[in-house]
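Position 41 of the sequence shown, counting from 1, maps to 42 under this note's numbering, and the rest follow consecutively.
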Amino acid sequence: RATLGALKTLLKKVQAAVAEKKVEDATSSLRLATSALGKAVTKGVMKPNTASRRIARLTLHVNSLSASRS
Numbered sequence: 002r003a004t005l006g007a008l009k010t011l012l013k014k015v016q017a018a019v020a021e022k023k024v025e026d027a028t029s030s031l032r033l034a035t036s037a038l039g040k041a042v043t044k045g046v047m048k049p050n051t052a053s054r055r056i057a058r059l060t061l062h063v064n065s066l067s068a069s070r071s
């Protein structure tokens, strides 16, 4: 439960940074969220495909943000 709670908080930080169009915050938060998702899989809290899908979607949002900026 603690792992899931922390994970949800990190995912919300990434989404908030993307919504506010803060590229630096989004990329740093994405790195932390990706690490946390991997740890959740290792602990058996989340299935690997679910984590992979969430990482892919978050990365897509962050990359589109940085692409639109340049």
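Glycine included, every Cβ here is placed at the ideal spot set by N, Cα and C.
Smallest Cα separation from residue i: which of the options?
{"i": "Arg-2", "options": "Ser-69, Ser-53 and Val-46", "result": "Val-46"}
{"i": "Thr-10", "options": "Ala-34, Asp-26 and Ile-56", "result": "Ala-34"}
{"i": "Ala-7", "options": "Ser-29, Asn-50 and Ala-41", "result": "Ala-41"}
For residue i and residue j, what's the separation of their Cα atoms in angstroms?
{"i": "Lys-20", "j": "Arg-58", "result": "According to the sequence displayed, residue 20 carries Ala and not Lys. Computed Cα separation, rounded: 14 Å."}
{"i": "Ala-17", "j": "Leu-31", "result": "11 Å"}
{"i": "Ala-37", "j": "Lys-13", "result": "13 Å"}
{"i": "Thr-60", "j": "Ser-29", "result": "11 Å"}
To which residues of the same chain is residue i closer than 7 Å at the C-beta, ignoring the five residues directly before and after it?
{"i": "Ile-56", "result": "Thr-35 and Leu-38"}
{"i": "Ala-27", "result": "Val-15, Ala-18, Val-19, Val-63 and Leu-66"}
Does the beta-carbon of residue i have 16 or more other beta-carbons within 10 angstroms, so that it is buried, or is it exposed?
{"i": "Leu-5", "result": "exposed"}
Ignore the nearest five residues each way along the sequence and tell me which others in residue i's own chain have a CB closer than 8 Å to its CB.
{"i": "Ala-52", "result": "Leu-38, Gly-39, Ala-41 and Val-42"}
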